[in-house]
Structure formats: C-alpha cells, structure tokens
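Read the structure below first, then the notes.
Numbering (the working numbering), first residue to last: 1363 to 1478.
Given below as structure tokens:
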C-alpha cells in the first residue's frame, strides 16, 4: 500500500508541476498555487522517505490530498464541469484527482494499520 501511495503522490506532483507554468499564462496566482502544490506533494514524498516520518503524518497526507481535491471545486465550481476544459474532458485533471483520492485512501489505511 505504501508503494501505491508513493506512485499516487508522484503522479499528482508531476501533473501539478507540469501544469503550473501553463496555468501561469492566464493566472499567475493559480499557476503559483499549482507549483506550490506540486512541491508540497514532493516534500511529502521526501519526508515519507526519511527517518523523520511518523505514523501521524499519514493523516496529514490524507488531509493534504483531500484539500487539494476540494480546491479544484472551489476554483472551478462545484460540479462535474470542473473536470472539463473548453468543452472536453481534461484527462490531467481526472488523473490528478484519482491520484489524490488514492493517496488519501492509502494514507488512511496505512495510518490505521500502523497505529497501536
């Protein structure tokens, strides 16, 4: 389950870092948030890979992923239209949200199985 969480984390980090500069073309604020979010996921991966990782941080990872999912709807509207761009389904938005949901579920599972 830990490997799945790592793949999900690196997937959403990569998508956000890839899209950040593109989004900057029409919104510097949103582009900056994309880049910071991608760096946040990378930072979480580095922390997970270090000796400083603690089981309680699984809950932080789950919360971070859930907040990122909710942020899409805050910025794009609370409907399935949030997954569309210029009338077409945006596969990167779908992939990022699937990765974030996977990370959240994996992190909760890992916390529950690691806590005493």
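Beta carbons: idealized from backbone N, C-alpha and C, even for Gly.
- The alpha-carbon separation between residue 1468 and residue 1383 amounts to approximately 29 angstroms.
- In the three-state scheme derived from DSSP, where H, G and I count as helix and E and B as strand, residue 1452 is classed as coil.
- As computed with DSSP, residue 1446 is found in a beta bridge with 1451.
- Counting along the chain, no alpha helix (DSSP H) covers residue 1388, and no H or E run does either.
- C-alpha of residue 1378 to C-alpha of residue 1473: approximately 25 angstroms in a straight line.
- Residue 1417 carries a coil assignment under DSSP once its states are collapsed to helix, strand and coil.
- Around the Cβ of residue 1371, a 10 Å sphere holds 16 or more other Cβ atoms; the residue is buried.
- In the three-state scheme derived from DSSP, where H, G and I count as helix and E and B as strand, residue 1476 is classed as helix.
- Counting only residues of its own chain and dropping the five nearest sequence neighbours on each side, residue 1435 has a CB closer than 7 angstroms to the CB of 1444.
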